[in-house]
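Asker: Residues 16 to 298 in the working numbering are what the sequence shown lists, from first letter to last. Think of the CB as a built atom: it goes at the ideal place given N, C-alpha and C, for glycine as much as any other residue. Let me begin by handing over the structure; questions about it come next.
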Amino acid sequence: MHSAMTISGLSKTYKDFVLDSVSFTVPSGSIVGLIGENGAGKSTTINAALGLIQKEAGHVSILGNEELNGDTKEQIGVVFDGSNYPEILSPKKINRVMKNIYHSWDEQIYFRLLKQFSLPFDKQIKKFSKGMKMKLAISVAFSHNSKLLILDEATSGLDPIIRDDILDMLLDFVQDEEHSILVSSHITSDLEKIADYIVFIHGGKVVFSKPKDELVEQYGIIKCGAAQFDALDKSDIIVYRKMDYEWQILISNREEMQKKYPKAMIIPTTIDEIMLLYVKGEN
16 MHSAMTISGL SKTYKDFVLD SVSFTVPSGS IVGLIGENGA GKSTTINAAL GLIQKEAGHV
76 SILGNEELNG DTKEQIGVVF DGSNYPEILS PKKINRVMKN IYHSWDEQIY FRLLKQFSLP
136 FDKQIKKFSK GMKMKLAISV AFSHNSKLLI LDEATSGLDP IIRDDILDML LDFVQDEEHS
196 ILVSSHITSD LEKIADYIVF IHGGKVVFSK PKDELVEQYG IIKCGAAQFD ALDKSDIIVY
256 RKMDYEWQIL ISNREEMQKK YPKAMIIPTT IDEIMLLYVK GEN
């Protein structure tokens, strides 16, 4: 399988945080969701991979190239959380700027997206809401024939209807299997809709990188009392958490565990719950 992006052993040390040998792959034609609590290292990973901050160790390959040259940058669409462009510009002026930056700039697509998102052509960006700024950045990312989109919390300021429209756009984008997306988001329900793979980063380390379907369809939570918890085979437990009146145990194969523990209450789980148990639970 070809990869649009490969990150291997990526490390960066700050005074109060260490990005510790992060490794994962974005296969071509796929959407990879990068999850983790605030401060886990998601943005640091993206910034280091794009060369926006200097990495201390590791290798990054994007679209088959280890050097981020002009041709490679042309094929990457990036949307950051926050303002992506000078606030004094308007969308119409951004079009003129982008024409000079990207050889593949398509102003027809750009203006069509501005209309679709109901963005005013002549209004200064500083007068835009956060949601409008995100829609503008997404419009730019989709307007220069990118092969790889990298989105850092790109849907966080948007209402559910616009978010759903953008998720549909992302799904359409990867249909031909030549386009790929890395999307960092704390809205895990969005990733459950669109992601092919989930990479979970916690405390600067990758906890797991797995197919989304495996997490949603096979993982589960056993809810039980102390006596039943004590009777469990500890090798079946990924992590557990003791609540006021019950134990919650994360397991990786619901069907198999239901056969092994027929009296146990085993329920499906969400990516949110998996992340929460890893962060707040014990091994």
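Using 10 angstroms around the beta-carbon of threonine 86, count the other beta-carbons present and answer buried if the total reaches 16, otherwise exposed.
Answerer: Here the sequence assigns aspartate to residue 86, which means threonine is not the residue at that position. Exposed, since its Cβ has fewer than 16 Cβ neighbours within 10 Å.
Asker: Suppose the cutoff is 7 angstroms on Cβ atoms and the five residues either side in sequence are ignored; what does the same chain contact list for phenylalanine 223 look like?
Answerer: Same-chain partners within the cutoff: Phe215.
Asker: Where does leucine 197 sit, in a helix, a strand or coil, going by DSSP?
Answerer: strand
Asker: For asparagine 80, does the three-state DSSP call read helix, strand or coil?
Answerer: Note: asparagine 80 maps to strand in three-state DSSP.
Asker: State the CB to CB distance for the pair glutamate 82 and lysine 27, rounded to an integer number of angstroms; the pair is presumed to be in contact (CB under 8 angstroms).
Answerer: Not a contact, Cβ separation roughly 19 angstroms.
Asker: So, do the region 182-193 and the region 100-118 have three or more beta carbon pairs nearer to each other than 8 angstroms?
Answerer: no
Asker: Would you list the one or two residues that DSSP bridges to proline 42?
Answerer: Ser18
Asker: Quick one: what does DSSP say tyrosine 212 is sitting in, helix, strand or coil?
Answerer: Reduced to three states, the DSSP call for tyrosine 212 is strand.
Asker: Could you give the distance in angstroms between the alpha-carbon of asparagine 84 and the alpha-carbon of tyrosine 100?
Answerer: 22 angstroms
Asker: Thinking C-beta only, is threonine 284 closer than 8 angstroms to glutamate 207?
Answerer: no
Asker: Just verifying my parser: in three-state terms, what is the DSSP assignment at methionine 280?
Answerer: strand
Asker: Using the C-alpha atoms, what's the distance from glycine 240 back to valine 155?
Answerer: Each residue's alpha carbon lies about 53 angstroms from the other.
Asker: Between the Cα of threonine 203 and the Cα atoms of Gly218, Leu182, Gly146, Glu193, which residue gives the shortest distance?
Answerer: Leu182
Asker: Looking at valine 47 and alanine 9, is the spacing between their C-beta atoms short of 8 angstroms?
Answerer: Examination of residue 9 is not possible in this model, given that the chain is present from 16 through 298 alone.
Asker: Does DSSP put glutamine 263 in a helix, in a strand, or in coil?
Answerer: strand
Asker: State the Cα-Cα distance for the pair tyrosine 293 and valine 254, rounded to the nearest angstrom.
Answerer: 6 angstroms
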